[in-house]
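A short write-up of the structure that comes next.
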Amino acid sequence: MVVNDYAGILNERVDQAFFASKLAPTTESPFFRSPGRAAATALAFLEHRTMTLAVQFTNVSRQFGEVKAVDRVSIDIQDGEFFSMLGPSGSGKTTCLRLIAGFEQPSAGSIRIHGEEAAGLPPYQRDVNTVFQDYALFPHMNVRDNVAYGLKVKGVGKAERLKRAEESLEMVALGGYGERKPVQLSGGQRQRVALARALVNRPRVLLLDEPLGALDLKLREQMQGELKKLQRQLGITFIFVTHDQTEALSMSDRVAVFNKGRIEQVDSPRNLYMKPATTFVAEFVGTSNVIRGELAWQLSGNPQPFSIRPEHVRFAEGPLASHEIEVSGLLHDIQYQGSATRYELKLENGQTLNISKANNQWLDTSAQHQTGQRLSARWAREAMVQLHDTVGGV
Numbered sequence: 001m002v003v004n005d006y007a008g009i010l011n012e013r014v015d016q017a018f019f020a021s022k023l024a025p026t027t028e029s030p031f032f033r034s035p036g037r038a039a040a041t042a043l044a045f046l047e048h049r050t051m052t053l054a055v056q057f058t059n060v061s062r063q064f065g066e067v068k069a070v071d072r073v074s075i076d077i078q079d080g081e082f083f084s085m086l087g088p089s090g091s092g093k094t095t096c097l098r099l100i101a102g103f104e105q106p107s108a109g110s111i112r113i114h115g116e117e118a119a120g121l122p123p124y125q126r127d128v129n130t131v132f133q134d135y136a137l138f139p140h141m142n143v144r145d146n147v148a149y150g151l152k153v154k155g156v157g158k159a160e161r162l163k164r165a166e167e168s169l170e171m172v173a174l175g176g177y178g179e180r181k182p183v184q185l186s187g188g189q190r191q192r193v194a195l196a197r198a199l200v201n202r203p204r205v206l207l208l209d210e211p212l213g214a215l216d217l218k219l220r221e222q223m224q225g226e227l228k229k230l231q232r233q234l235g236i237t238f239i240f241v242t243h244d245q246t247e248a249l250s251m252s253d254r255v256a257v258f259n260k261g262r263i264e265q266v267d268s269p270r271n272l273y274m275k276p277a278t279t280f281v282a283e284f285v286g287t288s289n290v291i292r293g294e295l296a297w298q299l300s301g302n303p304q305p306f307s308i309r310p311e312h313v314r315f316a317e318g319p320l321a322s323h324e325i326e327v328s329g330l331l332h333d334i335q336y337q338g339s340a341t342r343y344e345l346k347l348e349n350g351q352t353l354n355i356s357k358a359n360n361q362w363l364d365t366s367a368q369h370q371t372g373q374r375l376s377a378r379w380a381r382e383a384m385v386q387l388h389d390t391v392g393g394v
């Protein structure tokens, strides 16, 4: 069984004992129908485990001519972590992934994979595998042969590689699909085949380069849940690159937000949203009201900008509490968004304040407010987050 194979790997690699915390007995996944042996093996080695990071960047830069795609980036990614690199196009996140994979070499700095210097190592000598957005499946091969191809290149015998290919397909709920051609599969199924092909090599680090970008919204949401569940069951390190904040927040243990080749903030999804460190993070991760200039000074007593999330702002009713701040303006726009309604209030200094009100009543209350109406809005002082403007390495 697959689980026994992974137990064998644990016997060979002391520093993979982190699987223990992930291998709680369960019958939910075909990968863990008999988890006892692997869990026991991992637990036996846990006391002797050598603590190493999965991936470590130290002042890494990558320059293309005059352009610094990556600028003095330092990151520590833990064993067994679901770590996302989030940022807009051109921010450096994909270049960092390619540096880990070995498709690019750093211009400066150090990259270590499980404690070993990776500089100069070609991709095939690194214990990592990559899942790409376009899947890169061979159309003339069936699903089983696509999954087994990497093992064939490594010289693994036919019987063993086909056995492992079937096991990997079972992991991603595609058992019985081995004879089909990629053209006979849906987009989500092709994505799972690409995932199985990466996992069949049993990498210690799995790199995912915007793998859900080609899927429709419903399928993308479904795959987000499946990827996170699979990562927890396997216990290996997933490094996920995306420009989609929802993907990053919903799946990750931690997220690094990239901007102009550098890291603005590395934190848990909750802290990124609730406690953004910079104006870029506040505006890129979710929707935020960033108050700047003289108004920031008037409201907070500090010249630095601050952010307040739209859902933390409400229309004024009753007396103002001592811990609240109130502003007024003209209602500029109303946007119905299903679970919530978004209101845009144009303040007297020209700034726009977004207010998000949950639609938790079956009655339509949107008629209570009309565009052009003068309204006051309030929020609690403790909901304000002071921001920094500078891009800083972490």
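Quick note on our numbering: the sequence shown kicks off at 1 and runs consecutively. A virtual CB, placed ideally from N, CA and C, is assigned to each residue, including glycine.
Residue environment, residue i, which counts as buried when at least 16 other CB atoms sit within 10 Å
| i | result |
| --- | --- |
| G80 | buried |
| G338 | exposed |
| R161 | buried |
| T95 | buried |
| K158 | exposed |
| T242 | buried |
| K93 | buried |
| A69 | buried |
| H140 | exposed |
| G225 | exposed |
DSSP-derived helix/strand/coil call for residue i
| i | result |
| --- | --- |
| N129 | strand |
| V385 | strand |
| L162 | helix |
| A316 | coil |
| K218 | helix |
| K228 | helix |
| G301 | coil |
| F103 | coil |
| Y124 | helix |
Selection from the options that minimises the alpha carbon distance to residue i
| i | options | result |
| --- | --- | --- |
| S84 | E166, D209 and R342 | D209 |
| K357 | G350, W379, G372 and E348 | W379 |
| K218 | L234, K229, R197 and G187 | G187 |
| K260 | E116, L86, V55 and T52 | L86 |
| R292 | Q386, D253 and P88 | Q386 |
| L207 | K229, L99 and P319 | L99 |
| Q298 | I325, E66 and H388 | I325 |
| G102 | E117, D71, V153 and T279 | E117 |
Beta-carbon proximity check, residue i vs residue j, cutoff 9 Å
| i | j | result |
| --- | --- | --- |
| V200 | A165 | yes |
| V285 | P276 | yes |
| D76 | V60 | no |
| S322 | L347 | no |
| R180 | V147 | no |
Cutoff 6 Å; reference residue i; Cβ partners in own chain excluding five residues on either side
| i | result |
| --- | --- |
| G150 | N201 |
| V156 | none |
| P30 | Its pLDDT being 37, under 50, P30 is placed unreliably by the model, and nothing is read from it. |
| Q63 | S107 |
| L212 | R220 and M223 |
| Q231 | F82 and F238 |
| S110 | T58 |
Close Cβ partners of residue i (< 8 Å) along its chain, the five nearest in sequence each way excluded
| i | result |
| --- | --- |
| E294 | N349 |
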